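Protein chains in written order, with the numbering used here: chain A, -3 to 215; chain B, -3 to 215. Here the structure comes first, spelled out in structure tokens, and everything after it is commentary.
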């Protein structure tokens, strides 16, 4: 996930222009949610949000800039709704579990962004030519992978995961479950596979649980 | 995977028109590999393969027909290169293992279709509006899921997987590993994650191995 530039508490000094920009970015995110980030341009956004193109030029340098700021907004929302609540849980397995729960809820969410726009975006740009937006997506992947690795390492240090646990492998498999769930949910509609993703996650945790407390840690 | 219409042995009576159609389909697959199935149309294919659009009309009813036939060719190639060699291995875990190995090789392959065009196509259409192409993609997913389920059930019947194994869950997790690998390979370039996918697969097998022969069956 890219750096979360626009997140944080609003201050009293936010200008009208910044407010407008924030509103425009929410419109851009709603549009990207529907048609993909690659379809997001000054033209499509102006038509969608009933704004003038020249008004948009005042806020964004280029189409890429618009796309990247929109991705940053989605990332900031993910941080607020998924990462921060996870980090509020006790270190170790409870935190990993809270992350998974929050992520599943985020995928299920019908709000904007609907489904998991960060994963959609990653799929959209995985075969795109090099460019700033693709770079942002790759950075986003590494950030997520690192976050999960860090949580796994904390659980390992707390003695809740088995010493043989490879945090990078754990993170790869965690992300794999989330990706597969996201994809099948979009392909097959509704949520018949949520239970499968949950079972896969429980197996991942159980398999890596520290031996003496295997059952307890896996609960 | 859709029915494999065009596969099978060539007969002596194949007409010139059928030969041309087969050649055109290979061109279409090469193009779809590069620009996606949604970009595949009479216009783009004519330009790519230096054919006349009217010549293409003789072979395909519509753009959707062209896309579906092209997907069927990719499916037929997958059957030849991945499924048939897997089924030639002894029933049970060896067959599942051969399927995984073949699939990884198919994803790695630099030939056309490069990477895993079937998965790319599934990602491409997972949020597309309803239509014959999306239906074909969904049928393809169900066919793959069923194939893996069947292989898992055979291994279960052979006493190689633990009785608690749920073949549908096994298939979901198998597909999840393959999808995650495909996606990360495209996003991050080269193949740094092949080892991770392999480890995840070994864990899946080990976890479901029948208890008495746990180590042996997991080898």
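Even for Gly, the Cβ is constructed at its ideal location relative to N, Cα and C. These numbers come from a predicted model, not from an experiment.
If the five residues before and after residue 62 of chain A are omitted, its C-beta is found closer than 6 Å to the C-beta atoms of 56, all from its own chain and listed in chain order.
Along the segment 167 to 183 of chain B, the positions whose C-beta sits under 7 Å from a C-beta of chain A are 168, 169, 171, 172, 173, 175, 176, 179, 182, 183, read in chain order. With respect to residue 140 of chain A, residue 204 of chain A sits apart: the two C-beta atoms are not nearer than 8 Å. Excluding its 5 nearest sequence neighbours in each direction, residue 78 of chain B has C-beta neighbours in its own chain below 6 Å: 98, 99, 102, listed in chain order. In the three-state reduction of the DSSP assignment, residue 157 of chain B falls in the strand class, which pools E and B. When Cβ-Cβ separations below 8 Å define contact, residue 197 of chain A makes no contact with chain B. By the beta-carbon neighbour count (other beta carbons within 10 angstroms, threshold 16), residue 86 of chain A is exposed.
Residue burial annotation: residue 29 of chain B is buried, with at least 16 other C-beta atoms found within 10 angstroms of its C-beta. Three or more beta-carbon pairs drawn from the segment 190 to 200 of chain A and the segment 163 to 181 of chain A are found closer than 8 Å, and the two stretches are therefore classed as touching. CA-to-CA, the gap between residue 117 of chain A and residue 73 of chain A works out to about 15 Å. Beyond the five residues adjoining it in sequence on each side, residue 33 of chain B comes within less than 8 Å, by CB distance, of 63, 66, 67, 117, 120, 121, 129 in the same chain, given in chain order.
Against chain B, the beta carbon of residue 137 of chain A has neighbours under 7 Å at 183, listed in chain order. Beta-carbon to beta-carbon, residue 198 of chain B and residue 127 of chain B are separated by about 39 Å, too far to satisfy the 8 Å threshold. Residue state for residue 205 of chain B is assigned as strand, using DSSP reduced to three classes.
DSSP, reduced to helix, strand and coil, places residue 166 of chain A within a helical segment of the structure shown.
If the five residues before and after residue 151 of chain A are omitted, its C-beta is found closer than 7 Å to the C-beta atoms of 88, 89, 92, 157, all from its own chain and listed in chain order.
Not a single CB atom of chain A sits nearer than 8 Å to the CB of residue 38 of chain B.
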